[in-house]
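Its first residue numbered 1, the sequence shown is counted upward by one per residue in the UniProt record's numbering.
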Amino acid sequence: MKLLVSPPPPLFPSSPCRRSGKAILQKHFHAVATRESCKCGEANRTAICRVAETHGSEQVKGREPLRRGTVSPRLPVPEHIRRPPYDGTDHLPDVNPGRQMHDRESIVHMRAACELAARVLQYAGTMVKPSVTTDEIDRAVHQMIIDAGAYPSPLGYGGFPKSVCTSVNECICHGIPDSRALRDGDIINIDVTIYLNGYHGDTSRTYLCGEVDEPTKQLVKVTKECMLRGISACKHGVSFKAIGERISEHVNKYGYSIDPFIGHGVGTIFHSEPIIWHTYDYEPGFMVAGQTFTIDASNVGLSM
């Protein structure tokens with residue numbers, strides 16, 4: 001297993017997925033630190049929001065490499081919907097160095113945003129079938145979000161042209177929806193983040209499309225287990241290192257390696273400290289009740 005000891009790569013890249021037809025952005029499953037449980041190189045840290053397929057994953061035997069499709073025009077958002085600060089500019093915001101804390105009132109807003117994101121994600125998952133395009137998924141997600149009076153957080157973030165991230169097969173994360181139709185045997189991570197009443201709710205899940213081979217099914221199963229193990233570590237006063245330790249211990253049993261993808265603080269700001277590693281790490285600090293951050297191990301960030 002490869003242990004990650006260098007600074008984290010950018011989270012929203014210009015790059016790898018764009019090379020294979022996708023670009024990046026993506027999310028994370030949100031963890032809210034409470035006193036009882038958890039629910040719902042420094043140089044690169046300021047760039048922590050642009051990353052994905054930086055190293056070519058091995059192709060599954062018999063599966064064609066991912067090819068670029070046509071990206072349709074950006075969808076409009078009604079004027080009455082509240083927009084995040086980065087709307088209207090393609091500038092990629094720096095990761096905020098502050099650790100976001102919430103009181104009872106703001107936790108209510110965070111829960112509402114996360115609950116909506118979860119409902120949108122669940123709906124998007126019902127669309128994962130052979131012949132459906134990722135652009136169709138984006139349109140459905142966009143409409144559901146604006147119908148709820150919210151803004152699709154990825155849209156316009158650092159120039160990202162779509163309202164959801166759809167990362168197919170070897171595209172690890174932050175894939176740009178396009179005209180490529182899903183095929184039998186594909187896997188797809190759908191990453192939904194919404195901005196509601198000034199708060200970002202962020203979540204993602206990897207889905208199987210049609211009949212998927214057993215090794216790939218196991219990979220997706222293990223990534224979900226890693227996410228749940230990371231969440232189980234979250235509690236007031238616990239070191240952030242515990243998240244990566246639990247995930248790494250589980251991954252090691254299967255002989256997988258962990259791709260350099262990381263979680264982050266989330267709330268009124270899309271991306272902030274703390275940086276959440278999914279490997280054994282040296283991230284200082286401890287979780288505090290009222291913090292909100294993401295654990296992104298539910299992405300297919302493991303390599304066979």
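All residues carry an ideal CB built from backbone N, CA and C; glycine is no exception.
- Residue 209 places its beta carbon less than 8 Å from that of residue 182.
- In terms of CA proximity to residue 290, 105 leads the group 105, 72 and 206.
- Residue state for residue 210 is assigned as coil, using DSSP reduced to three classes.
- A straight line joining the alpha-carbon of residue 137 with that of residue 288 spans about 36 Å.
- Here residue 170 is buried: its Cβ has 16 or more other Cβ atoms, across all protein chains shown, within 10 Å.
- Counting along the chain, the unbroken alpha helix (DSSP H) around residue 252 starts and ends at 241-252.
- Remark: three or more beta-carbon pairs, one from each stretch, lie closer than 8 Å, so the segment 119-132 and the segment 202-217 are flagged as touching.
- Contact between residue 167 and residue 175 holds, with the beta-carbon distance rounding to 4 Å and staying under 8 Å.
- Residue 142 and residue 125 have their C-alpha atoms spaced approximately 14 Å apart.
- Taking the CA atoms as reference points, residue 270 sits about 12 Å from residue 110.
- For residue 191, the enclosing beta strand (DSSP E) begins and ends at 187-196.
- Shown here, residue 114 sits in a helix according to DSSP, grouped into three states.
- By the neighbour-count definition (other C-beta atoms within 10 Å, threshold 16), residue 211 is an exposed residue.
- As the crow flies, the alpha-carbon of residue 66 is around 32 Å from that of residue 246.
- When C-alpha distances from residue 279 are compared across 262, 273 and 97, the shortest belongs to 262.
- Judged by their CB atoms, residue 184 and residue 130 are nearer to each other than the 8 Å cut-off.
- It is roughly 24 Å from the alpha-carbon of residue 133 to the alpha-carbon of residue 215.
- For residue 168, the enclosing beta strand (DSSP E) begins and ends at 165-168.
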